[in-house]
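Just add 6 to the spot in the sequence shown (first one is 1) and you have the working numbering.
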Amino acid sequence: PRATPVLTKFKLENNEERYIWTTFSEDQIDINFSNQEVLLKMIDILLFYIEQGAEYIRLDAIGFMWKEVGTSCIHHEKTHEIVKLFRDIVDLVAKGTVIITETNVPHKDNISYLGNGTDEAHMVYQFPLPPLVLHAIHNGNGSALSNWAKQLPSTDTSTTFFNFLASHDGIGLNPIRGIIPEQEILEMVDDLKKEGALVNYKKNPDGTDSPYEINVTYMDALNKRLDKDSTRVARFLLAHSILLTLPGVPAVYVQSILGSRNDYEGVTKTGMNRSINRKKYAYSEIEKELTDVKSLRHSIFTELTKIIQIRKTEPLFHPNVDLDVIDLGEELFAFKRTNAKRESIYVLHNLTNHTTVCRLEGKYQDILTKEQKEYSETISLDPYQFLWLKPVN
């Protein structure tokens with residue numbers, strides 16, 4: 007998954023030099039889980055976090071755990087066995103603790119870590135979502151996002167997706183290969199680079215490099231450097247409406263809820279592209295900016311917190327409530343969530359910078375504004391507007 011060598015030369019304590027496996031970079035040495043002492047130590051660490059009260063435990067880059075000559079190593083059968091072992095331990099000592107696997111890989115490989123639904127992870131990271139939402143808003147076209155959402159498999163009561171838009175890493179591109187044409191991916195990467203984004207690359211089997219992830223805050227990924235703050239807020243909230251309303255459990259990165267911009271100083275200081283979205287703050291600095299009603303941070307924090315609170319009170323956004331994508335044209339991403347009682351909620355997103363009209367009839371409660379609205383044949387959505395509508399019987 008990188009353009010750096012998989013083996014790095016190290017000098018051991020006895021001055022012997024040896025090549026050691028470094029999947030991601032020379033500062034991250036892989037752990038040998040085939041060594042029983044190592045495995046027992048990692049189990050001890052797992053139990054330590056549970057003892058401290060951890061309710062969610064993330065297994066980072068788990069697909070790369072096991073190395074065996076003659077195999078591709080990734081997603082090895084023994085990797086799945088260790089995940090099962092961790093699940094058994096968690097269920098035995100602290101049932102209810104949630105295991106989340108993090109594998110930045112194509113969808114089919116990603117969901118394999120749910121196992122049979124009861125023996126591996128409780129949640130898997132929904133890696134296609136960040137680049138798909140970015141692609142949809144960047145192009146004002148939700149066709150790829152809608153087609154992908156139509157094929158999302160249902161999850162049962164014991165498993166679901168861990169949805170996110172941003173994290174301490176970049177926006178991974180591998181999960182959308184096969185969903186979005188490569189040329190469109192490259193064009194989006196080029197557009198973002200022109201606006202200040204950085205890019206990490208991976209080495210292909212033929213020796214060429216391909217973009218692996220875009221390093222940028224999600225705020226700056228969605229917007230151009232010269233955009234007005236009002237536009238930034240509108241696009242950012244639109245993206246997070248998609249995050250908050252799709253099936254699964256939504257997670258919001260701390261830099262996102264703080265409305266952070268690209269941290270180029272951090273990149274210069276560390277020499278790492280990912281530092282662009284890992285800025286560290288003094289509490290007093292953040293407190294001052296969040297209380298400044300004219301600041302971008304205040305607008306993002308206030309408005310995003312508001313829709314999160316509304317989302318938390320709506321049972322129809324439960325992770326396992328069914329999803330039906332509605333085709334209202336490529337400029338809109340729209341769907342309906344319906345529970346077993348046939349209660350439903352309609353969610354509409356205008357992905358464009360202009361007013362969009364679509365067909366919708368009936369009387370609805372807008373749960374974001376608490377207003378009742380009645381539509382006869384058509385509904386008009388302002389640029390980047392989104393609606394959460396419950397039918398009124």
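For glycine and all other residues, C-beta sits at the position ideal for the given N, C-alpha and C.
Element boundaries [beta strand (DSSP E), containing residue i]
i: Trp154; result: Run containing Trp154: none in the beta strand (DSSP E); it sits in the alpha helix (DSSP H), Ser149 to Lys156.
i: Asp175; result: Where Asp175 is concerned, there is no enclosing beta strand (DSSP E), given that its DSSP letter is neither H nor E.
i: Arg343; result: Leu338 to Thr344
i: Arg24; result: Glu23 to Trp27
i: Lys396; result: Phe392 to Pro397
i: Ala257; result: Val255 to Ala257
Cβ neighbour criterion (16 or more within 10 Å) applied to residue i
i: Phe54; result: exposed
i: Tyr291; result: Per the sequence presented here, residue 291 reads as Glu, with Tyr not at that position. Glu291 comes out exposed.
i: Leu46; result: exposed
i: Gly123; result: exposed
i: Ala150; result: buried
i: Ser108; result: Reading the sequence as shown, one finds Glu at residue 108 and not Ser. Buried, by the Cβ-count rule.
i: Val111; result: buried
i: Leu232; result: exposed
i: Asp212; result: exposed
i: Tyr352; result: buried
i: Ser118; result: buried
i: Ile88; result: buried
i: Ile51; result: exposed
i: Thr276; result: exposed
i: Gly69; result: buried
i: Ala346; result: exposed
i: Gly76; result: exposed
Same chain, Cβ closer than 7 Å to residue i, five either side skipped, listed in chain order
i: Pro256; result: Asn169, Leu249 and Leu250
i: Gln34; result: Thr28
i: Arg229; result: The residue you asked about is not Arg; residue 229 is Asn in the sequence shown. Once the five neighbours on either side are set aside, the close Cβ partners of Asn229 are Thr237, Arg238 and Arg241.
i: Ser247; result: Ile313, His355 and Phe392
i: Gly254; result: Gln132, Thr166, Phe167, Phe168, Asn169 and Pro325
i: Asn38; result: Val44
i: Asp330; result: Phe341, Lys342 and Thr344
i: His113; result: Pro134 and Pro181
Supposed close pair residue i, residue j - CB separation, criterion 8 Å
i: Lys208; j: Tyr218; result: 4 Å
i: Pro137; j: Pro181; result: 7 Å
i: Val139; j: Leu171; result: 6 Å
i: Gly176; j: Asn153; result: Wrong, their Cβ atoms sit about 24 Å apart, outside the cutoff.
i: Glu349; j: Arg365; result: About 22 Å; that fails the 8 Å criterion.
i: Arg267; j: Asp298; result: So it is not a contact: roughly 15 Å between Cβ atoms.
i: Leu310; j: Leu243; result: 7 Å
i: Ile105; j: Ile49; result: Between Ile49 and Ile105 the Cβ distance is about 13 Å, and since that is not below 8 Å, they are no contact.
i: Lys90; j: Asp125; result: 5 Å
i: Ile143; j: Ala245; result: 6 Å
Nonlocal neighbours in the same chain, by C-beta distance under 6 Å from residue i, ignoring five residues either side
i: Asn283; result: Thr223 and Gln261
i: Gln391; result: Asn356
i: Thr10; result: Ser31
i: Glu380; result: Lys369
i: Tyr25; result: Leu13 and Lys15
i: Leu334; result: Ala340 and Cys364
i: His81; result: Gly69 and Asp115
Cut-off 8 Å between Cβ atoms - residues of its own chain near residue i, not counting five sequence neighbours on either side
i: Glu377; result: Gln371
i: Ala60; result: Thr103
i: Ser305; result: Asp235, Val239 and Gly265
i: Glu337; result: Gly146, Asn147, Gly148, Asn356, Leu357, Thr358 and Thr362
i: Ala100; result: Ile56
i: Ser281; result: Asp269, Gly272, Val273 and Lys275
Residue interval of the alpha helix (DSSP H) (run including residue i)
i: His46; result: Here the sequence assigns Leu to residue 46, which means His is not the residue at that position. Start and end: Gln42 to Glu57.
i: Glu271; result: Tyr270 to Thr276
i: Ile292; result: Tyr289 to Leu296
i: Ser304; result: It should be pointed out that residue 304 corresponds to His in this sequence rather than to Ser. Per DSSP, His304 belongs to the alpha helix (DSSP H) from Leu302 to Lys318.
i: Ser262; result: Val260 to Ile263
Practice problem: Counting only runs of 3+ residues fully inside the region 196 to 235, write out the beta strand (DSSP E) ranges in chain order. | Solution: 204 to 209 and 215 to 221
Self-check item: Continuous beta strand (DSSP E) assignments of at least 3 residues falling wholly in the region 63 to 143
Solution: 104 to 107 and 129 to 131
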